[in-house]
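*Asks:*
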Amino acid sequence: MVELKSNDQAKKLGAIATLQDTPVTVSPHKSLNSSKGDKHLQHLERTIQLCINNVQKWVSQNGFRFSVSKTTCVHFHRQRIYTEPALHLDGQPIPVKGEAKFLGVVFDSKLNFSSHVKYLKKKCLKALNLLRVVGHTDWGADRATLLKLYRTLVRSKLGYGSVIYGSAKKHVLRALDPIHHQGLRIALGAFRTSPIKSLYAEAGEPSLEHRRMKLAFNYVLKLKSLPRNPCHEVVFEAPLSDFSAVTKSEPNLVANTFEHFKNANISPRAHRN
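Counting from 1 along the sequence shown, just add 52 to a position and that's the residue number in the working numbering.
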């Protein structure tokens, strides 16, 4: 209900417009700046605080209320020495934390997603235990049923949010590969020494790396047909590669898909008339 109400009134909020007009980026040479040349954290604090005040005012007028105890501020940066922002909601300070979970994805201050991978691995291990029980060699389910359960209970978790956390370092993402392989071994009843490629062939499953790329392709192509989606402008018109170059960060998974489209002589980007 809150989401529907906020989506209906989003364009009336000056706060949202201000946030969209002032995207904050991290410079490798400056402590913090934005695309409009803001070089001081204090100026950005005032800008964001005005946004929070506008949102708080609109929320109060529409009969809603934000819980300060459930509100978290995460300062995304790559500096070793930095100053935490001081923001307030309804007169109370917003706690600054090193990470926060949003829609099931753990965002850390460095955006390396190592915390999310650990959280995801822990969840998938619990699901694998259930798969072991159902896949008992004497009275357990057959291969087709176990593969369906694996895709439902484990693979779905690994795929959720992969468009976001897929930009993590390769060594971080490789921590999820054993989960994928272990689930396939349980479903197929394979030995521990069975080659990984044979598991993929028997189960008809790609590697997690290829599956993440496939999901990213699906996301980009679907978003292409939805020009009114708020993410459409960010993905197709924002210079994602330039942002990665400035911040010296790994290109996100969506940005990587454009390179594959380019190699195939396909241009998914939007063209303005």
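C-beta atoms are modelled at their ideal positions from N, C-alpha and C, and glycine is treated no differently.
1. Pull up the distance between the alpha-carbon of R130 and that of Y217, whole angstroms please.
2. Should G235 and L183 be called a contact, given that it needs their Cβ atoms to be closer than 8 Å?
3. Given that a residue counts as buried once 16 or more other Cβ atoms are within 10 Å of its Cβ, and exposed if not, what is L102?
4. Could you round the C-beta distance between A152 and L199 to whole angstroms and report it? I think they count as a contact, below 8 Å.
5. Helix or strand or just coil, what does DSSP make of F243?
6. On the DSSP bridge assignment, give the partners of C125 in chain order.
7. Closer than 8 Å is the cut-off here; do at least three beta carbon pairs connect the stretch 210 to 228 with the stretch 255 to 272?
8. Give every residue of the same chain whose Cβ lies closer than 7 Å to the Cβ of E97, excluding the five residues on either side of it in the sequence, and list them in chain order.
9. Inspect the beta-carbon positions of V185 and A193 and report whether they are closer than 8 Å.
10. A222 to L172, Cα distance in whole Å?
11. Between P145, E257, V111, S167, which has its C-alpha nearest A227's C-alpha?
12. To the nearest angstrom, how far is it from the Cα of L205 to the Cα of K274?
13. According to the neighbour-count rule (16 or more other Cβ atoms, all chains shown, within 10 Å of its Cβ), is S214 buried or exposed?
14. Please go through the same chain and pick out, in chain order, the residues whose beta-carbon is closer than 6 Å to the beta-carbon of T123, but skip the five residues on each side of it.
15. Skipping 5 residues on each side, what residues in its chain have a beta carbon closer than 8 Å to that of L211?
16. Just to confirm, are V224 and N164 a CB contact at a threshold of 8 Å?
17. Which one or two residues does DSSP pair with F154 in a beta bridge?
18. R132: buried (16+ other C-beta within 10 angstroms of its C-beta) or exposed?
19. Cα separation between F162 and R195?
20. Roughly how many angstroms lie between the CA atoms of S121 and I104, to the nearest whole one?
21. What are the start and end residues of the alpha helix (DSSP H) that includes V186?
22. Thinking C-alpha only, which one of H284, N281, L278, V272 is nearest H312?
23. Rounding to the nearest angstrom, what Cα-Cα distance links K174 and K209 in this structure?
24. Can you check whether the CB of R237 is closer than 8 Å to the CB of L260?
25. Quick one: Cα of T245 to Cα of H233, how far?
26. Flag this pair as yes or no: are the beta carbons of V107 and F159 separated by less than 8 Å?
27. Quick check on L141: does DSSP put it in helix, strand or coil?
28. Return the chain-ordered list of same chain residues with a C-beta closer than 7 Å to the C-beta of S277, the five sequence neighbours on each side being excluded.
*Replies:* Let me lay it out:
1. The alpha-carbon atoms of R130 and Y217 are separated by roughly 17 Å.
2. Cβ distance < 8 Å, so G235 and L183 count as in contact.
3. Burial is judged here by how many other beta carbons sit within 10 angstroms of a residue's own beta carbon; L102 has fewer than 16 and is exposed.
4. In this structure, A152 and L199 do not form a Cβ contact; the two beta carbons are roughly 35 Å apart against a cut-off of 8 Å.
5. Here F243 carries a coil assignment [DSSP, helix/strand/coil].
6. In the DSSP secondary-structure assignment, C125 is bridged to V148.
7. Counting Cβ pairs under 8 Å, three or more are found: they touch.
8. Cβ neighbours of E97 beyond the five flanking positions: P137, A138, L139.
9. The Cβ-Cβ distance between V185 and A193 does not fall below 8 Å.
10. The sequence as given places Lys at residue 222; Ala does not occur at that position. Going by the C-alpha atoms only, they are around 16 Å apart.
11. The shortest C-alpha separation from A227 is found at S167.
12. A direct Cα-Cα distance of roughly 25 Å separates L205 from K274.
13. Burial state of S214 is buried, judged by a 10 Å Cβ sphere holding 16 or more other Cβ atoms.
14. Around T123: L141, I146.
15. According to the sequence displayed, residue 211 carries Gly and not Leu. Its chain contains R263, R264, L267 as the residues whose beta carbon lies nearer than 8 Å to that of G211, once the 5 sequence neighbours on both sides are disregarded; these appear in chain order.
16. Their beta carbons are under 8 Å apart, which means V224 touches N164 by this criterion.
17. DSSP lists V157 as the beta-bridge partner residues of F154.
18. R132 comes out exposed.
19. The sequence given here places Lys at residue 162; Phe does not occur at that position. The C-alpha of R195 is placed about 41 Å away from the C-alpha of K162.
20. Straight-line Cα distance between these residues: approximately 15 Å.
21. 166 to 186 is the span of the alpha helix (DSSP H), which, as asked, contains V186.
22. From the listed residues H284, N281, L278, V272, the smallest Cα separation to H312 is found for V272.
23. The alpha-carbon atoms of K174 and K209 are separated by roughly 11 Å.
24. In this structure, R237 does not lie closer than 8 Å to L260 by Cβ.
25. Looking at the two C-alpha atoms, the distance is approximately 11 Å.
26. With respect to the 8 Å criterion, V107 and F159 are not classified as neighbours on the basis of their beta carbons.
27. Three-state DSSP puts L141 in a strand.
28. Hits under 7 Å: none found.
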